[in-house]
Amino acid sequence: VGHLPAILALLRFQRAGHRAIAVIGGATACIGDPTGRTREREPLSSEQLAKNTCGLRESLRRVCSNEQLLCGEEAPRTLTILNNAAWYEGRAAVEFLTSVGRHFRMGTLLSRHSVQSRLQSAEGMTLTEFLYQMFQAYDFYYLYRHYDCRIQLGGSDQLGK
C-alpha cells in the first residue's frame with residue numbers, strides 16, 4: 127500500500143478545490159527515515175537518488191492523470207510536485223543549524239517514539255538520523271511560507287511535526 131492512502135487523500139483534496147502539493151524527499155532521502163528501523167539505512171548513490179526522484183515524480187503525475195480520467199474530468203487539474211532538495215541546495219550546514227535548529231528543543235525531539243526505540247537498540251542512532259525530524263518539520267514550514275500550505279498528509283514519520 128505504501129504511500130497510496132496519502133496520495134489518494136491528496137487527490138481528494140485537490141478534487142474538492144484545494145491546491146495539492148506533493149513533496150518528493152530528494153534531500154531527506156539522503157538521510158533516510160529512521161522510523162521503524164533498527165539500524166541506519168544504506169546511503170543511496172547520487173545516481174540512484176536521481177532515478178528514484180524521477181520515478182516518483184512520474185508515478186505521481188500518472189496517478190493524478192489516471193484519477194482525473196476515471197472521474198471523467200475534462201479540465202485537467204495541476205498537481206504541484208516539489209523536490210525538497212530544491213530548498214536545501216546551497217544552504218550551509220552552520221547557517222541552517224543556527225537559523226532553523228535553534229527553534230527545536232532536545233526534550234521534544236528525544237521524546238519521539240522513533241527516536242526512543244532507536245536509542246534503545248544495539249546500533250543506536252546517528253546524529254543525521256536524529257535530525258531527520260528537524261528537516262521534515264522545516265519542509266512543512268517552507269511549504270507554509272512559500273505556498274501557504276496549511277494541511278499536511280503523510281506517513282507515520284510525519285506525525286512528529
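Using the numbering used here, you'd call the opening residue of the sequence shown number 127 and step up by one each time.
Positions of the beta carbon are idealized from the N, C-alpha and C atoms, including for glycine.
Item to check | Residues that DSSP places opposite N209 in a beta bridge | outcome: What you label residue 209 is simply residue 83 of the sequence shown in a count that begins at 1. The partner list for N209 (beta bridge, DSSP) reads I150.
Checklist entry - With DSSP run on the structure shown, which of helix, strand or coil describes V220? => result The residue you call residue 220 lines up with position 94 of the sequence shown. Helix.
Checklist entry - So, using beta-carbon positions, are F261 and A153 closer together than 8 Å? => result The residue labelled residue 261 in the question sits at position 135 within the sequence shown. The residue labelled residue 153 in the question sits at position 27 within the sequence shown. In contact: F261 and A153 (Cβ atoms closer than 8 Å).
Next on the checklist: So for E199, helix, strand or coil by DSSP?
Outcome noted: As a first step, residue 199 must be located in the sequence shown, where it is residue number 73. Residue state, collapsed to three classes: coil.
Checklist entry - How is H144 classed by DSSP in three states: helix, strand or coil? => result Here residue 144 refers to the residue found at position 18 of the sequence shown. Coil.
Checklist entry - Which residues mark the beginning and the end of the alpha helix (DSSP H) in which E255 is found? => result Mapped onto the sequence shown, residue 255 falls at position 129. Where E255 is concerned, the enclosing alpha helix (DSSP H) starts and stops at L253 to F256.
Checklist entry - Should M188 be labelled buried (16 or more other beta-carbon atoms within 10 Å of its own) or exposed? => result One-based indexing of the sequence shown puts residue 188 at position 62. The sequence as given places Arg at residue 188; Met does not occur at that position. With fewer than 16 other Cβ atoms within 10 Å, it is exposed.
Checklist entry - Would you call the region 156-174 and the region 240-248 in contact, with 3 or more CB pairs under 8 Å? => result The region 156-174 is in contact with the region 240-248.
Next on the checklist: Tell me which residues share the same chain as G158 and place their Cβ nearer than 6 Å to its Cβ, disregarding the 5 neighbours each side in the sequence.
Outcome noted: In the sequence shown, residue 158 corresponds to position 32, counting from 1. Once the five neighbours on either side are set aside, the close Cβ partners of G158 are R167.
Item to check | Residue interval of the alpha helix (DSSP H) (run including H129) | outcome: The sequence position of residue 129 within the sequence shown is 3, counting from 1. Run containing H129: none; DSSP gives neither H nor E here.
Item to check | Range covered by the alpha helix (DSSP H) that runs through S171 | outcome: By one-based count along the sequence shown, residue 171 stands at place 45. From DSSP, S171 is part of no alpha helix (DSSP H); its letter is neither H nor E.
Item to check | Assigned secondary structure, I157 (DSSP; H/G/I helix, E/B strand, else coil) | outcome: Position 31 of the sequence shown holds residue 157. In this structure, I157 counts as helix in the three-state DSSP scheme.
Item to check | Beta carbon of A132 nearer than 8 Å to that of F139 | outcome: Position 6 of the sequence shown, counted from the first residue, corresponds to residue 132. Position 13 of the sequence shown, counted from the first residue, corresponds to residue 139. No, they are not a contact pair.
Next on the checklist: If the criterion is Cβ atoms closer than 8 Å, does the pair A248 and L205 meet it?
Outcome noted: Translated into the one-based positions of the sequence shown, residue 248 becomes position 122. Translated into the one-based positions of the sequence shown, residue 205 becomes position 79. Their beta carbons are not under 8 Å apart, which means A248 does not touch L205 by this criterion.
Checklist entry - Is the distance from the Cβ of I150 to the Cβ of L208 below 8 Å? => result Here residue 150 is taken as the residue at index 24 of the sequence shown, counted from 1. Here residue 208 is taken as the residue at index 82 of the sequence shown, counted from 1. Yes. Within cutoff.
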